[in-house]
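Following: one structure in structure tokens, then a few remarks.
Protein chains in written order, with this note's numbering: chain P, 156 to 458; chain E, 63 to 719.
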């Protein structure tokens, strides 16, 4: 297990806007676990969505500037909560290490030193692996007893494995499941852990997103999940904000709460603001909080 | 003083168009040592050869240079020609003025100059030629066949029928191999066991065949005609002489183990025969699982055996035998699909391999031929077959096509429909490769008469949903995604070499390709041979093959063995390395670099009774590649017919021209 250590923190655009509750919960949970997050000063776009579809050098350079800033902070690793930001920074870092001529081209544009030493880490990975399930188990105040959780990793957290240098099984990742188990919850066996939610097609091909998101929501329900937990602002948007229209299009009437894993952790760790963040969701997630407190009360009563 | 004759060939216009052959002959006549030089339109023809023989007699030539085509083509012709005229056949040198000169140049003057240089070099080498002689090597006329599948069985039977003794070594408890596991065979649908078991029995009863099952080859030394092979006969725990094959022992054994022969779907006991038609029909005690061997009380089989054949304390037996030729027929294994995450990492019970489906269909299989789902033993209504699982895939390390899957998948779909007419099958394929006799017709029949739904495209995901298995893929002909709710999925997984193929290759001194399939000597013209003489390949240990190809190659290997054994003795190739032992410092460099393990360090009696060591070349193993010559620090190894002095004199002749 690691001692308390500092990570650079790259929130990305979503966490300053639509995914504010992800940002707030991430900072609160990390503070409670003794993980110091230092926001990268003057960070810029990670190069996702528009940039990496249009221009490889541009998207790599955007990511590289952030990595260079991390180097300037004197830190080795940058924790990235958003899956797309993480993917961009990690893939760019990998490419810069592997391809010397690309690294030279990027340095030329950047006009600042870039050693390539900074490594992007998914916040989920930092919490599940560096902090570790043992410390998390100790930090839990209200265990998630009886809560069935569909752990949804989405497509970008573990792919492509070669570039992300991950040891997760790409089609069946485990870190989030382990995390939920450590908090007393019950991760359900379900096949859609890494299915695509439709991602950035949310605006251009909403019909596709509705169908893909409905598939994921229905599968979570069919597998008996009480809620879905994710680690990506765009997944949240598609599964939470578009849930009503997606399920309506699929002829379904049910609703299933979607939470960031940090929100679920905050609930389990008894962080006071946790229930307030849930109000920022479109689908009512308060049931998760209530169910979880009910379970906690029954534990207390037994004791 | 050497008397060299030079004969310049026109090769019709092949050489004469680009090289002034008369000028070459005139120039050759002026080279020191040359006493006769001439040119002729076709030197290899009857009159051309007579011209050479006459010149040898008339001008008392003691060596000859023929300036014509590549030695690959006509060196044997002229060796025969001069030996008929009384010269040692190795006193001829070829100057290649066709492939190396006329065919690759246009400028006639320059080409002529080059041809003269080539002739000058050949003359320089010829002046240092000395007679070479072939030795007779005796042949041990017994063959070893490694692997007791259909390839090994066929090879053993053919060699034995030709009248030579054969030892068939098989590492599992019975011969039969993969084919014994199959249900029916494409495209004729005759039952695999019905055509294989008679051959197995023939093997067992053939007076020329010795079967060693539960045995493995440990070490191979020696060379063509005289291999020494160490074989470990693993302790069976059952006395083969006493056992009658009654089966009481395994019917009462209390230990149950997943059955390898049933691809893990059934159970066997700790004492077992792999399948009812096993040859020999003598059980084996699986010591890993036997209770007695794990310090538990038992001994049931020993108590019940009516002939007292159970011998727990039997030990492995190691024998060394001599063989003249070896047929390698070690077959293949199936790749394990649990490495594919998209298909559930092998965790979905109703996603099975083609070989498992084969056992399910087999009347003597774990379900007695009833096709049911492993999860709930219910018959499936919708079955999806996926071809090319792991094959033709760089990602999964098999760029190659496994060759048989298109056909057995069609067979599975057809037989499924025949047994259960109310089932529907879907086949995902990349291409249909049905290039054998009656194969294409068979696939068409499966599609058109048996209604199998063939979908061209790959499967991207397989997952469980309730009691269904959902298969997601693409139909690349319609250009749209497909989703099928199946009851069962059958994967045509890639064929792979045995996991210890590389080890066996090292023991035999033969080579493998990047996937560890054994390499043939020539992909087209020597498909049965390997680069080491006396060793032949049969079946899928070389590359995925179906049964007809396997049997054909096995018979080919057997006829190669019979051809080898039909000679009274072998003649050694004289162009091999030889060590000047008096100069050798026994540094061992040559031993290390020799690719054929043909050199060893031996003890010599030195002066005053002291002993010293020196390298010595085994003439039966040496291929004359010259690696040791280049590697020798003291320049005390020469390749006969290509000595250092000869090669240097060629270079001198070129440099001093």
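Virtual Cβ for every residue (Gly too), placed ideally from N, Cα, C.
The residue from E:295, E:212, E:448 and E:488 with its alpha-carbon nearest to that of residue 601 of chain E is E:212.
The beta-carbon of residue 526 of chain E is placed less than 8 Å from the nearest beta-carbon of chain P.
For residue 430 of chain P, the uninterrupted alpha helix (DSSP H) run begins and ends at 429-433, by DSSP. By the CB criterion at 8 Å, residue 421 of chain E and residue 324 of chain E fall inside the cutoff. Residue 285 of chain E places its beta carbon less than 8 Å from that of residue 682 of chain E. With distances taken between CA atoms, residue 439 of chain P lies nearest to P:399 out of P:421, P:362, P:257 and P:399.
Relative to the Cα of residue 635 of chain E, the nearest Cα in the group E:528, E:625 and E:680 belongs to E:680. Per DSSP, residue 310 of chain P is not a residue of any beta strand (DSSP E), being assigned neither H nor E. Counted as a single uninterrupted DSSP element, the stretch harbouring residue 378 of chain P is not any beta strand (DSSP E), since DSSP gives it neither H nor E.
Beta-bridge analysis with DSSP links residue 525 of chain E to E:532. Residue environment: residue 263 of chain P is assigned as exposed (fewer than 16 neighbouring CB atoms within 10 Å of its CB, all protein chains considered).
Interface flag for residue 456 of chain E against chain P is unset, since no Cβ pair is found closer than 8 Å. Assignment of residue 660 of chain E by DSSP, reduced to helix, strand and coil, places it in the coil class. The stretch 260-277 of chain P and the stretch 218-227 of chain P touch, with no fewer than 3 CB-CB distances between them shorter than 8 Å. Neighbours of residue 403 of chain E across chain P, judged by C-beta separation under 8 Å: 324, 325, 326 and 327.
Across the set E:471, E:482, E:537 and E:526, the C-alpha of E:471 shows the shortest separation from the C-alpha of residue 509 of chain E. Annotated as distal: residue 420 of chain P and residue 175 of chain P, with beta-carbon spacing of 8 Å or more. Nearest to residue 233 of chain E by alpha-carbon distance, out of E:560, E:583, E:243 and E:72, is E:560. Taken through DSSP and simplified to helix, strand or coil, residue 426 of chain P comes out as coil.
Each residue's CA atom was taken as its position, placing residue 623 of chain E and residue 648 of chain E some 37 Å apart.
Interface annotation, residue 377 of chain P: in contact with chain E, CB-CB separation under 8 Å. Here residue 147 of chain E has 114, 115, 118 and 119 as same chain residues with Cβ atoms under 8 Å from its own Cβ, once five neighbours each way along the sequence are excluded.
In this structure, the beta-carbon distance from residue 386 of chain E to residue 203 of chain E falls below 8 Å.
At a cut-off of 8 Å, the C-beta of residue 346 of chain P has a neighbouring C-beta in chain E.
Pairing residue 342 of chain E with residue 275 of chain E gives a Cβ-Cβ distance under 8 Å.
Membership of residue 334 of chain P in the alpha helix (DSSP H) is indicated by the continuous run 330-337. When rounded, the separation of the alpha-carbon atoms in residue 199 of chain P and residue 419 of chain E is 56 Å. Apart from sequence neighbours up to five positions away, the residues of its chain that approach residue 443 of chain E with a beta-carbon distance below 6 Å are 485 and 549, ordered along the chain. For residue 384 of chain E, the CB contacts under 8 Å within the same chain, skipping 5 residues up- and downstream, are 202, 204, 284, 288, 289, 290 and 291 in chain order. Counting C-beta atoms within 10 angstroms of its own C-beta, residue 259 of chain E has 16 or more neighbours from the protein chains shown and is therefore classed as buried. With its beta carbon less than 8 Å from one in chain P, residue 407 of chain E belongs to the interface. If you keep only unbroken alpha helix (DSSP H) runs of at least 4 residues inside the stretch 220-267 of chain E, you get 254-267. Following the DSSP letters along the chain, one finds residue 287 of chain P inside the alpha helix (DSSP H) bounded by residues 287-294.
Between residue 672 of chain E and residue 663 of chain E, the beta carbon gap of about 16 Å keeps them out of contact (Cβ cut-off 8 Å). Each residue's CA atom was taken as its position, placing residue 440 of chain E and residue 474 of chain E some 18 Å apart. It is roughly 24 Å from the alpha-carbon of residue 645 of chain E to the alpha-carbon of residue 195 of chain E.
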